[in-house]
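My numbering puts the first residue of the sequence shown at 160, with every later residue one more than the last. Just so you know, even glycine gets a beta-carbon here, dropped at the ideal spot from N, CA and C. Everything numeric in this text was worked out from a predicted model, so none of it was measured.
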Amino acid sequence: MIKIVVDTNQYLSVFVFRGQLVKKVFELVIDKKIGLYISPALTDEIKEKLQEFKVGKQIENDVTSFMKKGITVEPTIHIEACRDPKDNFLLELAQTAHADYLITRDKDLLDMKRWKTTKIIKPEDFLPTLRKKKLLS
Numbered sequence: 160m161i162k163i164v165v166d167t168n169q170y171l172s173v174f175v176f177r178g179q180l181v182k183k184v185f186e187l188v189i190d191k192k193i194g195l196y197i198s199p200a201l202t203d204e205i206k207e208k209l210q211e212f213k214v215g216k217q218i219e220n221d222v223t224s225f226m227k228k229g230i231t232v233e234p235t236i237h238i239e240a241c242r243d244p245k246d247n248f249l250l251e252l253a254q255t256a257h258a259d260y261l262i263t264r265d266k267d268l269l270d271m272k273r274w275k276t277t278k279i280i281k282p283e284d285f286l287p288t289l290r291k292k293k294l295l296s
């Protein structure tokens, strides 16, 4: 099973702005065809951003419900590798989870291209991988 970590901005894309690219990925998580990994730090950041955008209770509930489909891990490592130190928690999560992909649009992360065994990729570049593995048509 493919293991993924999804950056906060992509949760907002799906649940707040109704973006369709990552929604396809999230549907595969719901169908248990992809393993989604989350951490308390990621959960906290998503909740903060939802409050910042002043979304309604329904969207908060939808996000919370979806995140229960993920596997929560608590990173035990400390990394200082990203240009933006605020993004290091995602690298810690990806490494702890042995994630295959970190899906993001964050330039500081994308410029890294890879962290250990995790490929850092935009959503639109991840979809062809899913098609190749016949997880998406």
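*Specify, as a first and last residue, the run of the beta strand (DSSP E) that T277 falls within.*
T277 to I280
*CB Y136 to CB V232, shorter than 8 angstroms?*
Look at the range of the chain in this structure, 160 to 296, and you will see that residue 136 is not part of it.
*asked:* Looking only at its chain, what residues have a beta carbon closer than 8 angstroms to the beta carbon of R273, apart from the 5 residues adjacent to it on each side?
replied: I279
*Under three-state DSSP, which class holds R264?*
coil
*When the distance is taken between beta carbons, is F174 closer than 8 angstroms to I236?*
no
*In angstroms with no decimal places, state the Cα-to-Cα distance between I161 and K182.*
16 angstroms
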